[in-house]
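Chains as they are written, first to last, in the numbering used here: chain S, 6 to 231; chain R, 3 to 95; chain F, 3 to 95; chain C, 67 to 815.
See structure below.
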Amino acid sequence: MTARIGVVTFPGTLDDQDALRAARLAGAEAVSLWHRDKDLKQVDAVVLAGGFSYGDYLRAGAISRFSPVMETVIEQAKAGMPVLGICNGFQILTEAHLLPGAMLRNNHLHFICRDQKLRVENATTAWTSDYEQGEEIQVPLKNMDGRYVADERTLDELEAEGRVAFRYLDMNPNGSLRDIAGITNAAGNVVGLMPHPEHAVEPLVGTGRTDGLGFFTSILKKLVTA
Amino acid sequence: MARVVVDVMLKPEILDPQGQAVQRALPRLGFEGIADVRQGKRFELEVDGPVDESALARIHEMAETFLANTVIEDFVVKVEESEEGAAVAGESK
Amino acid sequence: MARVVVDVMLKPEILDPQGQAVQRALPRLGFEGIADVRQGKRFELEVDGPVDESALARIHEMAETFLANTVIEDFVVKVEESEEGAAVAGESK
Amino acid sequence: MTLDTVKHAAGTPDVSQPWKELGLKEDEYARIREILGRRPTGAELAMYSVMWSEHCSYKSSKVHLKQFGEKAPESDALLVGIGENAGVVDVGQGYAVTFKVESHNHPSYIEPYQGAATGVGGIVRDILAMGARPVAVMDPLRFGAADHPDTKRVLPGVVAGIGGYGNCLGLPNIGGEVVFDSCYQGNPLVNALCVGVMKHEDIHLAKASGTGNKVILYGARTGGDGIGGVSVLASETFDSTGPSRRPAVQVGDPFQEKLLIECTLEIFRENLVDGIQDLGGAGLSCATSELASAGSGGMRVELDRVHLRDATLSPEEILMSESQERMCAIVEPGKVDRFLEICEKWDVIATVIGEVTEGSQLEIFWHGEQIVDVPPRTVAHEGPVYHRPYERPSWQDALQADDANKLARPANSDELREQVLKLVASPNQASKSWITDQYDRFVQGNTILAQPEDSGMVRIDEETNLGVAVATDGNGRYAKLDPYAGAQLALAESYRNVAASGAKPLAISNCLNFGSPEDPAVMWQFAEATRGLADGCLELGTPVTGGNVSLYNQTGDTAIHPTPVVAVLGVIDDVTRRTPIAFSEEGQLIYLLGETREEFGGSAWSQVVHDHLGGLPPVVDLAREKLLGEILISGSRDGMIDAAHDLSDGGVIQAVTESCLRGGRGARLVVPDGLDAFTFLFSESAGRAVVAVPRSEELRFTDMCGARGLPATRIGVIDGAAVELQGEFSLELSELREAHEATIPGLLA
Ligand SMILES: Nc1ncnc2c1ncn2[C@@H]1O[C@H](COP(=O)(O)OP(=O)(O)O)[C@@H](O)[C@H]1O
Ligand SMILES: [Mg+2]
Numbered sequence: 006m007t008a009r010i011g012v013v014t015f016p017g018t019l020d021d022q023d024a025l026r027a028a029r030l031a032g033a034e035a036v037s038l039w040h041r042d043k044d045l046k047q048v049d050a051v052v053l054a055g056g057f058s059y060g061d062y063l064r065a066g067a068i069s070r071f072s073p074v075m076e077t078v079i080e081q082a083k084a085g086m087p088v089l090g091i092c093n094g095f096q097i098l099t100e101a102h103l104l105p106g107a108m109l110r111n112n113h114l115h116f117i118c119r120d121q122k123l124r125v126e127n128a129t130t131a132w133t134s135d136y137e138q139g140e141e142i143q144v145p146l147k148n149m150d151g152r153y154v155a156d157e158r159t160l161d162e163l164e165a166e167g168r169v170a171f172r173y174l175d176m177n178p179n180g181s182l183r184d185i186a187g188i189t190n191a192a193g194n195v196v197g198l199m200p201h202p203e204h205a206v207e208p209l210v211g212t213g214r215t216d217g218l219g220f221f222t223s224i225l226k227k228l229v230t231a
Numbered sequence: 003m004a005r006v007v008v009d010v011m012l013k014p015e016i017l018d019p020q021g022q023a024v025q026r027a028l029p030r031l032g033f034e035g036i037a038d039v040r041q042g043k044r045f046e047l048e049v050d051g052p053v054d055e056s057a058l059a060r061i062h063e064m065a066e067t068f069l070a071n072t073v074i075e076d077f078v079v080k081v082e083e084s085e086e087g088a089a090v091a092g093e094s095k
Numbered sequence: 003m004a005r006v007v008v009d010v011m012l013k014p015e016i017l018d019p020q021g022q023a024v025q026r027a028l029p030r031l032g033f034e035g036i037a038d039v040r041q042g043k044r045f046e047l048e049v050d051g052p053v054d055e056s057a058l059a060r061i062h063e064m065a066e067t068f069l070a071n072t073v074i075e076d077f078v079v080k081v082e083e084s085e086e087g088a089a090v091a092g093e094s095k
Numbered sequence: 067m068t069l070d071t072v073k074h075a076a077g078t079p080d081v082s083q084p085w086k087e088l089g090l091k092e093d094e095y096a097r098i099r100e101i102l103g104r105r106p107t108g109a110e111l112a113m114y115s116v117m118w119s120e121h122c123s124y125k126s127s128k129v130h131l132k133q134f135g136e137k138a139p140e141s142d143a144l145l146v147g148i149g150e151n152a153g154v155v156d157v158g159q160g161y162a163v164t165f166k167v168e169s170h171n172h173p174s175y176i177e178p179y180q181g182a183a184t185g186v187g188g189i190v191r192d193i194l195a196m197g198a199r200p201v202a203v204m205d206p207l208r209f210g211a212a213d214h215p216d217t218k219r220v221l222p223g224v225v226a227g228i229g230g231y232g233n234c235l236g237l238p239n240i241g242g243e244v245v246f247d248s249c250y251q252g253n254p255l256v257n258a259l260c261v262g263v264m265k266h267e268d269i270h271l272a273k274a275s276g277t278g279n280k281v282i283l284y285g286a287r288t289g290g291d292g293i294g295g296v297s298v299l300a301s302e303t304f305d306s307t308g309p310s311r312r313p314a315v316q317v318g319d320p321f322q323e324k325l326l327i328e329c330t331l332e333i334f335r336e337n338l339v340d341g342i343q344d345l346g347g348a349g350l351s352c353a354t355s356e357l358a359s360a361g362s363g364g365m366r367v368e369l370d371r372v373h374l375r376d377a378t379l380s381p382e383e384i385l386m387s388e389s390q391e392r393m394c395a396i397v398e399p400g401k402v403d404r405f406l407e408i409c410e411k412w413d414v415i416a417t418v419i420g421e422v423t424e425g426s427q428l429e430i431f432w433h434g435e436q437i438v439d440v441p442p443r444t445v446a447h448e449g450p451v452y453h454r455p456y457e458r459p460s461w462q463d464a465l466q467a468d469d470a471n472k473l474a475r476p477a478n479s480d481e482l483r484e485q486v487l488k489l490v491a492s493p494n495q496a497s498k499s500w501i502t503d504q505y506d507r508f509v510q511g512n513t514i515l516a517q518p519e520d521s522g523m524v525r526i527d528e529e530t531n532l533g534v535a536v537a538t539d540g541n542g543r544y545a546k547l548d549p550y551a552g553a554q555l556a557l558a559e560s561y562r563n564v565a566a567s568g569a570k571p572l573a574i575s576n577c578l579n580f581g582s583p584e585d586p587a588v589m590w591q592f593a594e595a596t597r598g599l600a601d602g603c604l605e606l607g608t609p610v611t612g613g614n615v616s617l618y619n620q621t622g623d624t625a626i627h628p629t630p631v632v633a634v635l636g637v638i639d640d641v642t643r644r645t646p647i648a649f650s651e652e653g654q655l656i657y658l659l660g661e662t663r664e665e666f667g668g669s670a671w672s673q674v675v676h677d678h679l680g681g682l683p684p685v686v687d688l689a690r691e692k693l694l695g696e697i698l699i700s701g702s703r704d705g706m707i708d709a710a711h712d713l714s715d716g717g718v719i720q721a722v723t724e725s726c727l728r729g730g731r732g733a734r735l736v737v738p739d740g741l742d743a744f745t746f747l748f749s750e751s752a753g754r755a756v757v758a759v760p761r762s763e764e765l766r767f768t769d770m771c772g773a774r775g776l777p778a779t780r781i782g783v784i785d786g787a788a789v790e791l792q793g794e795f796s797l798e799l800s801e802l803r804e805a806h807e808a809t810i811p812g813l814l815a
């Protein structure tokens with residue numbers, strides 16, 4: 006028996022096929038979910054994939070956050086279902102207030118696509134348990150609105166509770182406060198990050214690294230042994 | 003049909019690189035004397051029906067939950083009046 | 003220090019995908035009765051010194067050559083007065 | 067308000083019409099009257115004028131482009147040839163690939179962001195219309211001088227527009243070009259390429275057949291975009307309240323296009339369309355007349371059914387509108403409901419605007435009144451054809467006589483070193499990552515190679531690892547010196563780039579960017595370049611599948627350099643065998659393949675060091691290119707080479723520097739016997755590449771080259787953290803990297 010991982014397609018989602026592929030490569034049953042359906046098709050975990058849902062119009066993630074599927078995702082996430090938001094998915098999670106803070110235009114005002122080094126700062130979340138605490142990984146990063154901001158109190162709280170899950174190393178590609186690349190909720194089931202682990206799951210393709218596969222094997226182990 | 007405007011600006015404590023980029027460019031273009039620039043969004047809503055208190059309340063709610071992200075942005079809702087005296091309209095050639 | 007506001011909007015005949023996307027989302031969020039939405043930019047300039055006619059003329063020029071792309075956008079320059087009566091300021095919690 | 071109906075036109079033969087303002091020549095207008103047997107209505111005049119424009123009718127270039135068909139090499143690979151939206155190539159395993167380059171030069175000068183963005187949008191719809199899923203884009207670009215103030219306006223806008231649109235569509239940008247030259251100052255070239263993949267059975271064509279089939283317009287609403295000229299017409303036909311101002315600039319909505327792509331692919335999957343056409347230049351005029359012209363029957367369109375963004379549009383303007391993100395499909399009546407359902411699913415507006423009729427005319431109605439009644443072929447396919455006069459320009463001889471080989475060369479090792487640094491830091495040779503990092507190259511998860519590799523490569527089948535590679539090249543400096551050779555050199559370079567990455571070149575697309583066809587000198591350049599390209603394709607065995615012509619790229623009397631941009635598509639059976647450019651294994655041997663001669667005409671060195679353009683471009687030897695390609699492909703397939711980089715502008719030193727920086731390893735080089743250091747480093751002889759050969763493979767590799775008759779010279783070894791030329795100089799990688807990478811950000815950031 007394996008776990009069912011759902012990947013939501015919003016209008017304008019781009020990396021849904023990649024996330025489905027990554028889930029499959031990790032050994033999960035990959036399930037497509039549609040933004041208009043509240044039904045999550047009995048998946049055990051959900052990935053909100055990257056892209057430009059609704060063209061990033063208004064604010065990245067702002068329109069998708071109000072879709073029918075998100076009603077169920079929000080409800081289930083609060084009840085403990087694992088949810089991973091990648092890039093646009095992370096933006097949707099902050100807009101939905103499942104994760105604190107907000108994403109703004111990169112400080113240099115350009116889209117940036119690069120192979121980015123990260124440190125896994127929290128290897129205990131549902132999506133990171135296959136990494137070592139402090140492990141350095143390299144995965145593609147590509148975004149326009151990747152600058153993570155939150156007020157000082159929230160930032161201090163995140164740090165204190167170990168909820169900064171990933172930090173940029175070597176260079177901060179977008180001006181994110183405290184080099185934050187990704188965060189988790191207090192329960193560790195909802196994780197969001199800007200870089201794209203689903204693009205780093207096969208040798209040769211993309212940057213040729215497989216450092217991102219751990220997200221998908223982490224969740225699979227958790228779900229299958231649960 | 004009446005027009006309601008919602009202005010959305012980043013909160014003062016949030017870094018505004020777009021505004022900064024504009025401000026930094028100004029002296030190079032020969033415009034001195036601008037101490038600060040902030041860039042935000044302006045929404046012009048064409049409202050069906052009267053813009054009474056209840057309509058304004060609804061638009062206020064819309065701004066708060068949707069047009070602005072109040073984690074980072076402030077907003078102001080205004081009923082558009084005819085162009086004020088001080089306004090200088092720009093035309094393109 | 004005085005504040006001058008430059009509002010930049012896409013010309014009416016130019017497609018505004020952002021405004022359109024916002025408008026189409028509104029009914030889904032339960033907001034009916036908004037016939038059209040246009041989204042533009044708002045620049046708040048803090049001006050050193052007096053905002054006299056010559057300062058305004060300079061800002062007008064700045065708006066025309068730099069802040070707005072007059073191929074596709076119109077702009078309006080306004081001296082900001084204290085909040086008008088009709089305005090409802092939004093606060094965030 | 068008087069509607070200029072067909073009936074009204076027939077009864078008012080003497081009304082004077084603004085054919086001149088619409089860009090028609092007197093005899094063209096006369097011909098329209100002759101075809102119709104009466105004066106055209108306003109709507110008909112609008113259609114003819116735009117469809118007979120240079121842009122849509124290829125009236126100046128047609129007689130030359132014919133050669134691509136006439137001289138086409140035998141090829142089993144070509145499934146659909148020139149004439150459709152894009153050609154289709156068989157790549158095996160039941161897959162077909164379609165690709166095409168197009169220009170959006172003029173709009174990108176006026177409004178860089180939107181001009182470039184809608185350029186990407188347009189080429190993507192072309193590919194989609196063939197039935198293919200778009201899988202990658204590329205962007206060959208040319209700008210004025212790197213340090214010119216206007217370049218600072220144009221380049222960032224163009225790049226942001228290409229990125230803004232392509233990134234939002236989820237199409238990896240896998241390559242392109244950035245060239246600076248003051249000849250492009252007022253005429254930047256923004257070419258865009260798209261590649262799409264489909265199964266053979268999914269190929270769709272732009273034709274309307276089957277009486278009773280419905281014509282469905284779907285996608286964005288129609289606004290007044292890009293119809294500038296036609297407003298004259300509207301204002302003549304309508305009373306004084308007339309139309310409001312019409313935007314000359316089209317604004318793109320990539321989100322809408324993404325929906326259009328997904329919606330269209332779902333429609334294809336369910337086999338719901340008989341014919342399909344994208345809406346690009348000339349909008350509905352083009353789509354309806356082309357569909358009807360290529361089909362078997364006639365077509366009837368109710369124009370008032372078109373969903374409008376601007377209710378004040380006149381029928382002429384609706385016909386002419388170039389609003390983006392629209393498609394037109396021919397659908398059997400029984401399939402219409404399902405078609406509309408899929409559109410609804412994707413939030414795409416769709417409207418049945420007409421049907422295929424038994425007759426042979428294209429008939430268009432406006433609120434029940436007929437405003438168009440034309441034979442569609444006369445609009446779409448039988449436009450005017452010009453045999454424009456051409457003549458070798460008087461200055462050509464003097465230009466060629468101004469021999470670059472005679473320019474002062476570096477006098478000593480220090481100067482040589484200095485010139486190397488200057489070359490790799492020059493805007494044309496410098497790293498373009500400031501630009502390419504604004505493009506998503508990872509999306510879709512199939513990118514095998516992307517910038518700064520020799521060609522872009524994507525996997526098209528996850529199970530079998532089948533992939534395709536594409537490169538684009540063009541060198542206006544070479545073409546200026548000799549347009550025939552220049553076009554062949556562009557072809558050869560692009561071919562070489564594809565082969566260097568390990569893929570087998572199969573087919574060509576091109577974008578021919580030239581000045582005014584009314585100038586006999588420009589027309590000569592055009593004639594020479596097309597002849598060169600057609601001859602070259604014949605010799606290489608790679609047919610031209612399609613392309614695009616952009617004329618009138620000039621400021622006043624000064625034309626841009628003739629700039630044929632050539633795209634070569636190749637196939638690779640197993641992408642795990644792809645060859646990267648990176649020198650990454652310490653100790654591997656560096657071989658130079660091909661022959662190096664003293665060839666500096668049009669070279670990067672002559673431009674960077676002497677600001678010079680003169681002499682003759684490198685000699686073309688296509689048989690050699692073919693042989694080199696075969697060696698590069700076999701070497702890669704059989705594991706004999708681990709890295710390869712083609713040589714082009716900048717010569718050996720440029721290529722070695724790029725390969726070293728990419729792999730993070732240094733190289734120790736020696737000047738081969740019979741060459742001097744300067745010629746070895748900077749010559750731009752064609753038909754060459756550098757490769758990295760594992761020591762264990764050296765013998766096998768040199769034997770293969772020897773047996774096939776390809777000169778292979780060992781020029782060094784991958785080693786250390788510097789590029790060193792024995793007895794001459796050493797340059798630390800860090801210094802080279804700084805020089806190579808700082809230039810573009812320094813100019814633009
Ligand atoms: N505008 C661009 N968009 C995408 N890739 C580009 C662009 N310009 C250059 N590149 C990439 O940068 C690399 C170097 O370009 P170039 O020197 O022109 O290559 P070559 O000389 O091998 O044709 C190539 O991988 C090319 O595809
Ligand atoms: Mg190359």
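Where a beta carbon is used, it is the ideal one built from N, C-alpha and C, also for glycine.
The structure presented is a predicted model; accordingly, all values stated were derived computationally and were not measured.
- Within the model, the alpha-carbon separation for Cys726/C versus His711/C is close to 11 Å.
- The three-state reading of DSSP puts Leu69/R in helix, counting H, G and I together.
- If only uninterrupted alpha helix (DSSP H) runs of at least 4 residues are considered, none is enclosed by the segment 202–234 of chain C.
- Counting along the chain, Gly197/S sits inside the beta strand (DSSP E) bounded by residues 195–198.
- Counting along the chain, the unbroken alpha helix (DSSP H) around Lys227/S starts and ends at 218–230.
- Judged by pairs of C-beta atoms under 8 Å, the segment 610–622 of chain C does not touch the segment 494–510 of chain C, as fewer than three such pairs exist.
- Judged by their CB atoms, Phe666/C and Asn471/C are nearer to each other than the 8 Å cut-off.
- If you draw a straight line from the Cα of Ser362/C to the Cα of Phe580/C, it comes to about 36 Å.
- Distance from the CA of Gly522/C to the CA of Trp39/S, rounded to the nearest whole angstrom, comes to 32 Å.
- Gly213/S and Ala446/C have their C-alpha atoms some 48 Å from each other.
- DSSP places Asp480/C outside any beta strand (DSSP E); the residue lies instead in the alpha helix (DSSP H), whose first and last residues are 479–491.
- At a cut-off of 8 Å between C-beta atoms, Asp161/S does not count as an interface residue with respect to chain C.
- Against chain F, a Cβ distance below 7 Å from Asp38/R picks out Glu48.
- Arg119/S and Glu66/F have their C-alpha atoms spaced approximately 36 Å apart.
- Leu385/C sits close to Met113/C, with the two beta carbons spaced by under 8 Å.
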